[in-house]
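Right, one structure below, let's go through it.
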Amino acid sequence: MTETPQDIREDGQRQAAILASALPYLRRYAGDTIVVKYGGHAMGVDHLSNAFGHDIALLKLVGVNPIIVHGGGPQISAMLERLQLRSTFIDGLRVTDAAMVEIIEMVLSGSVNKQVADLINRAGALAVGISGKDGGLIRARKLTRTVRDEDSLIERELDLGFVGEPSKIDPRVLYSLLGSGLIPVIAPVGVGDQGETFNINADTAAGAISGAVNASRLLMLTDVPGVLDENGKLIPELTAEDAQRRIEAGQITGGMIPKVETCLKAVREGAKAAVILDGRVPHACLLELFTKNGSGTLIRGT
């Protein structure tokens, strides 16, 4: 059906109204740093990936300084399968031996990292892919997990291999890139005190980086709408105290617990707020930052 001049005018008026309504939020975040954890369903579907690249480019163009930390679990699994290497998981963490960590670094810091940067570059901004090892960005230590035997109640430590957690973030390389008008795209790989490579959970890396750079927002793109209440309805906002209380009361459960704990750690270490939002929704980052009601669950320090 052919658009009439009236249809074109009305469409233009709707677009102008959307831009006008976003103006207060554009002012609010101008010059601020936003850390985005990119992964899950949003990373594996072409139209969502392309929308993400355009959204990040738009953030940069309107004066926001985005930093991207990406995952890559499915891509790692696919490569390990091609090489006929079997993965085992403990508490959702991939047990990583010396041979496997080389492959993980190759996938995360190589193909995946450059693909994510390219999404943003093709949308009109300038993104640079790096890993947590570059510039000593993520200093890491070995991550430990303990389990308790139900009969003897004796605890034993599990060996996850080269799975790590951030021990220190040195953001100087990020400030240098941001100061040059570039968007850092970070693969979650860290370096240990002896120069060893550690595979780090992308959520954990993003949380640590957002705290270190005092980000205005940590945006955690997930495959769920956010934190839900006992009736299955989205909770728009939580204080850190309320979020911790809900975890202890068993109201936040399963895979949502580590995501909320990552947000809590981020706000305690310097981020102003963290948001868990649904990356399956097109333009989720823009909806969260530039509309009145946002699109996920925001967790504040106070």
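Quick note: the sequence shown uses my numbering, first residue 355, plus one each step. We treat Cβ as the ideally placed atom computed from N, Cα and C, and that holds for glycine.
Give a yes or no on whether the C-beta atoms belonging to residue 621 and residue 594 are separated by under 8 Å. Residue 594 is positioned such that its CB atom lies closer than 8 Å to that of residue 621.
Best match in 387, 574 and 453 for proximity to residue 438 [C-alpha to C-alpha]: 453
If I measure Cβ to Cβ from residue 414 and keep anything under 7 Å in the same chain, skipping five residues before and after, which residues do I get? If we look at residue 414 and ignore the five residues flanking it on each side, its Cβ neighbours are 420, 479 and 537.
Which complete beta strand (DSSP E) runs does the stretch 456-499 hold, if anything under 3 residues is left out? 481-485 and 492-496
Can you tell me whether residue 706 is buried or exposed? The criterion is at least 16 other CB atoms within 10 Å of its CB, across all chains shown. Outside the modelled stretch of the chain, which goes from 355 to 656, sits residue 706, for which no answer is possible.
Could you pull the start and end residues of the beta strand (DSSP E) that residue 592 belongs to? 591-593
Which word fits residue 460, buried or exposed, when buried means at least 16 other C-beta atoms lie within 10 angstroms of its C-beta? exposed
With a threshold of 7 Å on Cβ separation, who are the neighbours of residue 556 within its own chain once the five nearest residues in sequence on each side are excluded? Around residue 556: 391, 393, 423, 424, 425 and 542.
Measuring CA to CA, which of 399, 611 and 571 is closest to residue 652? 571
Look at the alpha carbon of residue 466 and the alpha carbon of residue 429, and state the distance between them as a whole number of angstroms. 8 Å
Could you give the first and the last residue of the continuous beta strand (DSSP E) run that contains residue 664? Nothing about residue 664 can be reported from this structure: the residues present for the chain run from 355 to 656 only.
Please classify residue 601: does DSSP put it in a helix, a strand, or coil? helix
For residue 551, which residues of its own chain have a beta-carbon under 8 Å away from its beta-carbon, when the five flanking residues on both sides are left out? 455, 456, 459, 487, 516, 543, 544 and 545
Apart from the five residues just before and just after residue 648, which ones in its own chain have a Cβ nearer than 6 Å to its Cβ? 642
In this structure, does DSSP put residue 427 in helix, strand or coil? helix
Residue 552: first and last residue of the uninterrupted beta strand (DSSP E) it sits in: 551-554
Can you give, in chain order, each stretch of the alpha helix (DSSP H) that sits fully within the stretch 508-584 and has at least 4 residues? 526-533 and 556-566
By alpha-carbon positions, which one of 607, 410, 464 and 527 ends up nearest to residue 492? 527
Where residue 384 falls: helix, strand or coil (DSSP): coil
Tell me whether the beta-carbon of residue 412 lies closer than 8 Å to the beta-carbon of residue 575. no
Nearest to residue 406 by CA position, among 645, 634, 644 and 646, is which residue? 634
Assign residue 644 to one of two classes, buried (16 or more other C-beta atoms within 10 Å of its C-beta) or exposed (fewer than that). buried
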